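Take the sequence shown: its letter number 81 is residue 620 in this note's numbering, and every next letter is one higher.
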Amino acid sequence: METAVESTSSLTLSLISRGFPKARGLRPGSTIIAGWTGRDRDAIEHHIRELEAVGVKRPRETPLFYRVAASLATTATAIEVAGATSSGEAEVVLMRLDGDLWVGLGSDHTDRQLETVGVTIAKQICAKPIANIAWRLAEVRDHWDRIELRSFAMRDGERRPYQEGTLAAITQPWILLEMYEKRGGRFDDGAIMFTGTLPAIEGVYFSDRFEIELHDPVLARTIRHAYSVIALPIND
């Protein structure tokens with residue numbers, strides 16, 4: 540059984556239930572990055588082969604759950620990274636608060652160069668931005684596949700679409716949670732899971748600003764978050 544560690548910092552969230560917001564502090568506990576969560580297994584295999592071609596090791600199973608430090612979760616609007624080899628990924632974030640499940644929005648910012656050394660290291664090295672709004676999972680579960688996920692990045696001075704699609708392409712978070720717990724994982728109060736992403740429209744690339752968006756067309760509401768990326772110099 541894995542050990543859950545509580546972060547020393549607290550995030551302030553606005554929990555939206557039945558249209559009404561409620562402020563709530565979250566001290567992140569176990570923070571999990573779920574990878575290879577697409578529903579189309581052939582597409583996953585194709586992507587694995589693409590990454591193998593550039594030196595990224597094949598996952599031992601799919602989906603695969605990576606643990607990262609709880610302190611990486613942040614609602615800040617700027618993060619610092621080493622060099623310009625990282626990029627963001629818009630993802631639904633599953634959280635447990637007071638025994639209930641909530642869904643929010645985050646970015647699994649990852650160092651792409653380090654992925655060729657080890658995916659776990661590449662994910663651990665970057666902060667994980669999270670929007671400060673979350674919806675009760677029970678209120679969106681019946682129309683989950685219709686919810687839209689998208690992101691935007693700056694490239695050559697232009698704001699460009701980076702990812703776009705619906706959650707129908709990604710394994711549902713309650714299924715991922717069941718799989719995670721069957722493998723011995725714990726998802727206690729304060730736990731956070733990034734539940735997977737969509738393909739990048741033009742491939743992954745570094746951007747000094749990344750915007751993410753989760754839109755519910757049924758309940759007509761949207762979660763948005765944006766953050767700047769500050770590339771620190773590498774003097775090796």
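Note that the Cβ used here is the ideal one computed from N, Cα and C, for glycine as well.
Note that the structure is predicted; figures quoted are calculated from it, not measured.
Check each candidate in the options and name the one with the smallest Cα separation from residue i.
i      : options                        : result
Ile740 : Ser569, Leu688, Thr613, Tyr701 : Tyr701
Met634 : Ile572, Thr705, Pro772         : Ile572
Val757 : Arg685, Ala677, Phe604, Ala707 : Arg685
Thr624 : Ile664, Thr761, Ala707, Glu687 : Ile664
Gly583 : Ile672, Pro668, Pro738         : Going by the sequence as given, residue 583 is Ile instead of Gly. Here the closest residue by C-alpha is Pro738.
Pro668 : Lys561, Phe559, Thr570, Glu717 : Thr570
Gly574 : Thr705, Lys721, Thr659         : Thr659
Leu688 : Glu720, Val631, Val593         : Val631
Ala615 : Phe749, Ala759, Ala677, Arg557 : Phe749
Ile769 : Arg763, Asp775, Phe745, Ala759 : Phe745
Asp581 : Ala759, Arg725, Ala708         : Ala708
Val538 : Asp775, Glu589, Ala759         : In the structure displayed, the chain extends from 540 to 775; residue 538 sits before or after that span and is not available.
State the CB to CB distance for the pair residue i and residue j, rounded to an integer number of angstroms; the pair is presumed to be in contact (CB under 8 Å).
i      : j      : result
Ala617 : Tyr766 : 6 Å
Ile555 : Trp674 : 5 Å
Thr649 : Glu628 : 7 Å
Leu715 : Ala621 : The pair is not a contact, with the Cβ atoms about 29 Å apart (cut-off 8 Å).
Glu654 : Val595 : 5 Å
Ser549 : Gly564 : 5 Å
Thr736 : Asp647 : 7 Å
Thr551 : Thr710 : Not confirmed; about 29 Å, so no contact.
Arg566 : Ala670 : Arg566 to Ala670, Cβ: 17 Å. No contact.
Spatial neighbours of residue i within its chain, please: C-beta separation below 6 Å, excluding the five flanking residues on both sides.
i      : result
Pro712 : Leu633, Thr734
Ile587 : Arg597
Ala661 : Thr649, Asp650, Leu653, Glu654
Arg557 : none
Tyr719 : Phe604
Glu703 : Arg689
Glu717 : none
With 16 as the cutoff for other CB atoms within 10 Å, does residue i come out buried or exposed?
i      : result
Asp637 : exposed
Asp579 : exposed
Phe691 : buried
Thr761 : exposed
His585 : exposed
Val593 : exposed
Phe559 : exposed
Ile773 : exposed
Closer than 7 Å by C-beta to residue i: which residues in its own chain qualify, once you throw out the five before and the five after it? Chain order, please.
i      : result
Val743 : Ser626, Arg651
Gly666 : The question names Gly, yet the displayed sequence has Ala at residue 666. Taken in chain order, the residues that qualify are Leu611, Thr613, Ile618, His648.
Glu591 : Arg597
Ala562 : Thr551, Ser553
Lys721 : none
Please list, in chain order, all residues of the same chain as residue i whose beta carbon is under 8 Å from its beta carbon, the five residues on each side excluded.
i      : result
Gly657 : Lys596
Thr705 : Asp684, Arg685, Ile686, Glu687, Leu688
Asp494 : Residue 494 lies beyond the stretch modelled for the chain, which goes from 540 to 775, so this question has no answer here.
Notebook entry, point to check: Between the region 591–611 and the region 681–700, do three or more beta carbon pairs fall short of 8 Å?
Noted result: Per the Cβ contact rule, the region 591–611 is not in contact with the region 681–700 (fewer than 3 Cβ pairs under 8 Å).
Next item on the list: Specify whether the region 638–658 and the region 744–754 touch according to this definition: at least 3 beta carbon pairs, one from each stretch, less than 8 Å apart.
Entry: Taking one beta carbon from each stretch, the region 638–658 and the region 744–754 have 3 or more pairs nearer than 8 Å; the two touch.
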